[in-house]
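For the protein sequence lines, the chains are R and U, in the order given.
Mapping of the first sequence onto the numbering used here: position 24 corresponds to residue 24, and the numbering continues sequentially without gaps.
Mapping of the second sequence onto the numbering used here: position 237 corresponds to residue 237, and the numbering continues sequentially without gaps.
The C-beta atom is built at its ideal place from N, Cα and C for all residues, glycine as well.
Only a predicted model underlies this, so the values are computations on that prediction, with no experimental measurement involved.
Below you'll find the structure, written out as C-alpha cells, and then a few comments.
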Amino acid sequence: MSQSSLSLPQQRGLGQTQRRDAWWLQPLVVFLGLGAFVVYSTWAAFQGANYEFGPYLSPMYSPLLFDAGTLFGQASVGHHTWFGAWPAWIPAFIPASPALIILTIPAGFRFTCYYYRGAYYKAFWADPLNCAVGEPRNGYRGENFWPLLIQNIHRYMFYLAALYIVVLTYDAVIATQFQDDWAAKGGKMLFGGEARAGFGIGVGTLVMTLNVILLGGYTFGCHCARHFSGGNSDHHSKLPMGKKPYECISCLNRNHMKWAWTSLIWVGFTDFYIRMLAAGVWTDWRLF
Amino acid sequence: MPQVTFKVWRGNKDGGQFTDYQTDVTEGMVVLDAVHQIQAESAPDLACRWNCKAGKCGSCSAEVNGMPRLMCMTRMEDLPTDQPVTIEPMQAFPLIRDLVCDVSWNFEIKTKIKKFKPRKPDAEDGTWRMVQDDVDRVQEFRKCIECFLCQNVCHVLRDHHKHETFIGPRFIAYTAALEMHPLDTEDRLADLKDDNGLGYCNITKCCTKVCPEHITLTDNAIIPLKERVVDEYYDPIKKLFRMFKPKK
C-alpha cells in the first residue's frame, strides 16, 4: 500500500478539527445506542428464560427451535417450540439459551449492513471520528483486506434475515391466538368481559406486529435488496418485474438509517415487554 | 453593520499560519464576498480561486469553520459571527498558496478510468435509441461540478493519503455514470476492485454530506458499485451460476 507522493498538508491528530458544531455528538449517540443494545441483547440471550408469555414469543428467541424453559423450572415445554425440549445431545458448555443460536443471523445482518458499517467505524473505531475530524492512527486498510473483506457476506445475511421476517410474521399471527390460561397468568381485558380462548388482540400482539413492520422496512430496504431489485441492471426498462420494486425499495432505502434505529430499539423493547410479562412485573392488556 | 473577525490561512507548501482580518458583513453576503472584501481592504496578496460565484464552477472550494464548502454558497448569516470565522484551504491536496490548492491530481486520475465504449449503433445512421428509465439513474452523477469537496472530506485521501491506490468518491461516481450507462459495454469492475481501491471506502457518507449538488454519492454510486464487485468477485453462488450459464 503506497502512500501518496504528493506534498500534502500534515495529517491531523485525534479529534483535531476546526469544526465548531457538536461533531462528537453523533458518534457518541451511536456508541451509547449500539453499546446499550449489545449489552442488553447479550444479557437477554444468556437468560434462557422469560422469553414467552401466552401467545407472545420474544423476537430474540424466535424461531424457538428447542425450548430451554424446562431447565429453568418451567412446568412443560411451551407451545412456541418447533422441536420440543432442549436436547441432551447439545454439549453442556453451550449455555442453554435458544437466543444464542438465533441471534447470530440478525446480528450478522446488522454488523455487515452498509449503514451500520459507516456508523460503527466512526463510533467504535474512530475511522474517522466524524467528517473532517482528525484520526488516531495513520495506517488504514479499509474493507480492501481481511478481516473486513468479510463485509462482502452481507447479501447472504440478507437472505437469512429475509427468512427471519417470515418467521417473525408467523409469530405475530400466532400472537393473536390466546389460550385458556392467559388470564390465570396475569392477563387482563382492557374493556372488561371474559377472557376467552381464541382470536384476540393484546398490547403484546400490537408490539410484536409493529416489530415485524419495522424489521421488514429495515430488511427489505437494505442496499442488497435494492441491488437485486434492479440496481444490478443498466436497463431498468427491461426489468422482469418492472421498475416498481426497485423504486419501492429505493424509497425505503432513502430512510435506511431511520429504519435501522427504530427496528433496533423496537426489537429490544419487544423482548423487554414480553420479559416483563413473563416475570410478572407488567400486566398484559387485551383489547378484545 | 457588524464587524466580523476572519481567521484566514496564509502560507504555502512549506508552512503558514492563520491571520486575523476584520471586515464588515452586510445582509446577503457569502463567505467569498468577505474574502474579496478582505483582499480589497487589507490583504491584496491573499490568494483565492473563484470564478462563477453561483455554485456551478466548483472553483472556490475551501474549509469554512472546519467543514468543506463552496465559499460562494456559504451565507454569512448561517455562520456564528460572535467568534472568528476560520477559512482554510482543502486538506487533501497540495497547497499552492493561501486558499489555493493544486487539484491537478484529480484530472490525472480521470484520464486513467476506462472511457465510454458504446455498443454498435442501433440505427443505420449511426445513432442509438435509449429509454429515459434507463438513463434516469446516471443523470444524477452528471450534476457534478468537480469542486472536489467530496475528495477533500474523504478520510482515505484526507487523513490516510491513499492517493496512489484510491480514486476517491468523485471518480467512483464518474465510473458509476459510465458503468451504469445503458449503452456502455466496457467492464471497469476489475479496475475498481484492484487499482481504484473501491474497498478502501468504509461508507462514512461524508462525501454525500458535503456535496453542493446534493448527489447521493454513497448510496447511489459507491454502494451499488460495491455490490457489483461482490457479484463478480466475492459471491460464490453467482460464480457457480456463471460457470453453468450458456455463453452467448
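Exercise. Answer yes or no: does any C-beta atom of chain U fall closer than 9 angstroms to that of G134 (chain R)?
Key: In the first sequence, the residue the question calls residue 134 (chain R) occupies position 134. Interface residue, yes.
Practice problem: Pull up the distance between the alpha-carbon of L149 (chain U) and that of V133 (chain R), whole angstroms please. | Solution: What you label residue 149 (chain U) is simply residue 149 of the second sequence in a count that begins at 1. What you label residue 133 (chain R) is simply residue 133 of the first sequence in a count that begins at 1. Taking the straight line from one Cα to the other gives about 15 angstroms.
Quiz item: Is the Cβ-Cβ distance between E88 (chain U) and L99 (chain U) less than 9 angstroms?
Solution: The residue given as residue 88 (chain U) occupies position 88 in the second sequence. The residue given as residue 99 (chain U) occupies position 99 in the second sequence. Contact: yes.
Quiz item: Is DSSP giving E88 (chain U) helix, strand or coil here?
Solution: Within the second sequence, residue 88 (chain U) is the residue found at index 88, counting from 1. Strand at E88 (chain U).
Quiz item: Going along the region 1-28 of chain U in order, which residues come within less than 7 angstroms of chain R, judged by CB to CB distance?
Solution: K13
Quiz item: In three-state DSSP terms, what is A85 (chain R)?
Solution: Position 85 of the first sequence, counting from 1, holds the residue named residue 85 (chain R). The answer is strand: DSSP assigns A85 (chain R) an E or B state.
Exercise. Quick one: using the 10 Å Cβ neighbour count with 16 as the cut-off for buried, is E227 (chain U) buried or exposed?
Key: Taking the first residue of the second sequence as 1, we reach residue 227 (chain U) at position 227. By the neighbour-count rule (16 or more Cβ atoms within 10 Å), E227 (chain U) is buried.
Quiz item: Between the beta-carbon of Q26 (chain R) and the beta-carbon of N65 (chain U), is there less than 9 angstroms?
Solution: Your numbering for residue 26 (chain R) matches position 26 in the first sequence. Your numbering for residue 65 (chain U) matches position 65 in the second sequence. In this structure, N65 (chain U) does not lie closer than 9 angstroms to Q26 (chain R) by Cβ.
Quiz item: With respect to the alpha helix (DSSP H) encompassing M157 (chain R), which residues constitute its N-terminal and C-terminal limits?
Solution: The count along the first sequence starts at 1 and reaches residue 157 (chain R) at position 157. Note, M157 (chain R): alpha helix (DSSP H), H154 to I174.
Exercise. Please name the residues in the region 68-88 of chain U whose beta-carbon is closer than 8 angstroms to at least one beta-carbon of chain R, in chain order.
Key: P68, P80, Q83, T86 and E88
Self-check item: Under 8 angstroms by beta carbon: chain U residues contacting K122 (chain R)
Solution: Walking along the first sequence from the start, residue 122 (chain R) turns up at place 122. Those within 8 angstroms of K122 (chain R) in chain U are T204.
Practice problem: Could you please give the first and the last residue of the uninterrupted beta strand (DSSP E) stretch that includes K61 (chain U)? | Solution: Start at 1 with the first residue of the second sequence, and residue 61 (chain U) comes out as number 61. Inspection of the sequence shows that residue 61 (chain U) is occupied by Ser rather than by Lys. S61 to V64 is the span of the beta strand (DSSP E), which, as asked, contains S61 (chain U).
Self-check item: Residues, ordered as in the chain, of the region 101-119 of chain R that lie near chain U by beta-carbon distance below 7 angstroms
Solution: Y114, R117 and G118
Quiz item: Cβ atoms of L190 (chain R) and T262 (chain R): under 9 angstroms apart, would you say?
Solution: By 1-based counting over the first sequence, the position of residue 262 (chain R) is 262. By 1-based counting over the first sequence, the position of residue 190 (chain R) is 190. Against a cut-off of 9 angstroms, the Cβ pair of L190 (chain R) and T262 (chain R) comes out as no contact.
Self-check item: Reference H163 (chain U), options U:K7, U:Q91, U:Q37 and U:E179, closest by Cα
Solution: Position 163 of the second sequence, counting from 1, holds the residue named residue 163 (chain U). Closest option to H163 (chain U), Cα to Cα, is U:Q91.
Quiz item: When the Cα atoms are used, what is the spatial distance from L258 (chain U) to D231 (chain U)?
Solution: This structure cannot settle anything about residue 258 (chain U), because the visible part of chain U is limited to 1 through 248.
Quiz prompt | Contact with chain U by F145 (chain R), beta-carbon distance below 9 angstroms | solution = Counting from one through the first sequence, the residue named residue 145 (chain R) turns up at place 145. Closer than 9 angstroms: yes.
Self-check item: Residue environment, S2 (chain R), which counts as buried when at least 16 other CB atoms sit within 10 Å
Solution: Taking the first residue of the first sequence as position 1, residue 2 (chain R) is located at position 2. Only weak support exists for where S2 (chain R) lies, its pLDDT of 46 falling under 50; the coordinates are left without a value.
Quiz item: If you draw a straight line from the alpha carbon of D20 (chain U) to that of Q83 (chain U), how long is it in whole angstroms?
Solution: Taking the second sequence and counting its residues from 1, one reaches residue 20 (chain U) at position 20. Taking the second sequence and counting its residues from 1, one reaches residue 83 (chain U) at position 83. Those two C-alpha atoms are separated by around 12 angstroms.
Self-check item: Near-chain U residues of the region 8-19 of chain R (beta-carbon distance less than 8 angstroms), N- to C-terminal order
Solution: L8, P9, Q11, R12, T17, Q18 and R19
Quiz item: Does any CB atom of chain U fall closer than 9 angstroms to the CB of H79 (chain R)?
Solution: In the first sequence, counting from the first residue as 1, residue 79 (chain R) sits at position 79. It does not: the Cβ of H79 (chain R) has no partner Cβ on chain U nearer than 9 angstroms.
Quiz item: In three-state terms, what does DSSP make of C113 (chain R)?
Solution: As a working mapping, residue 113 (chain R) is identified with position 113 in the first sequence. Here C113 (chain R) sits in coil by DSSP.
Quiz item: Quick one: which chain R residues come within Cβ less than 7 angstroms of Q91 (chain U)?
Solution: Counting from one through the second sequence, the residue named residue 91 (chain U) turns up at place 91. In chain order: P9.
Quiz item: In three-state terms, what does DSSP make of E52 (chain R)?
Solution: For this step, residue 52 (chain R) is matched to residue 52 along the first sequence. In this structure, E52 (chain R) counts as strand in the three-state DSSP scheme.
Quiz item: So the beta strand (DSSP E) D113 (chain U) belongs to, where does it begin and stop?
Solution: Against the second sequence, residue 113 (chain U) aligns to sequence position 113. Sequence check: residue 113 (chain U) is Ile here, not Asp. First-last for I113 (chain U): undefined, no H or E at that position.
Quiz prompt | E213 (chain U), DSSP secondary structure in three states | solution = In the second sequence, the residue the question calls residue 213 (chain U) occupies position 213. The answer is coil: DSSP assigns E213 (chain U) none of H, G, I, E or B.
Exercise. In angstroms with no decimal places, state the Cα-to-Cα distance between A175 (chain R) and P55 (chain R).
Key: Here the question's residue 175 (chain R) lines up with position 175 in the first sequence. Here the question's residue 55 (chain R) lines up with position 55 in the first sequence. If you take the alpha carbons of A175 (chain R) and P55 (chain R), they lie about 5 angstroms apart.
Quiz item: When the Cα atoms are used, what is the spatial distance from H256 (chain R) to R155 (chain R)?
Solution: Within the first sequence, the letter at position 256 stands for residue 256 (chain R). Within the first sequence, the letter at position 155 stands for residue 155 (chain R). Their backbone Cα atoms lie some 16 angstroms apart in a straight line.
Self-check item: Touching by the beta-carbon criterion (3+ pairs, under 8 angstroms), the region 112-131 of chain R and the region 191-206 of chain R
Solution: no
Quiz item: Hey, quick one: how far does the alpha helix (DSSP H) through V38 (chain R) stretch, first residue to last?
Solution: Start at 1 with the first residue of the first sequence, and residue 38 (chain R) comes out as number 38. Here the alpha helix (DSSP H) through V38 (chain R) covers L25 to Q47.
Quiz item: Does Y170 (chain R) have its Cβ less than 9 angstroms from a Cβ in chain U?
Solution: Indexing the first sequence from 1 puts residue 170 (chain R) at position 170. No, Y170 (chain R) does not count as interfacial toward chain U.
Self-check item: chain R residues whose Cβ lies nearer than 7 angstroms to that of N196 (chain U)
Solution: By one-based count along the second sequence, residue 196 (chain U) stands at place 196. Per Cβ cutoff of 7 angstroms: no residues; N196 (chain U) is ~11 angstroms from chain R at best.
Practice problem: Within its chain, find whatever has a CB closer than 7 angstroms to the CB of G280 (chain R); leave out the 5 residues flanking it on each side and keep chain order. | Solution: Numbered from its first residue, the first sequence carries residue 280 (chain R) at position 280. Correct list, in chain order: G186.
Self-check item: chain U within 9 angstroms of S237 (chain R), Cβ atoms only
Solution: Locating residue 237 (chain R) in the first sequence gives position 237, counting from the first residue. Answer yes: the Cβ-Cβ gap between S237 (chain R) and chain U drops below 9 angstroms somewhere.
Quiz prompt | Distance, L32 (chain R) Cα to K122 (chain R) Cα | solution = Counted from its first residue, the first sequence places residue 122 (chain R) at position 122. Counted from its first residue, the first sequence places residue 32 (chain R) at position 32. Approximately 13 angstroms, taken between the alpha carbons.
Exercise. Would you mind telling me which residues of chain U sit closer than 8 angstroms to C248 (chain R), beta carbon to beta carbon, in chain order?
Key: Taking the first residue of the first sequence as 1, we reach residue 248 (chain R) at position 248. Within chain U, no residue comes near C248 (chain R); the closest Cβ sits about 15 angstroms away, beyond 8 angstroms.
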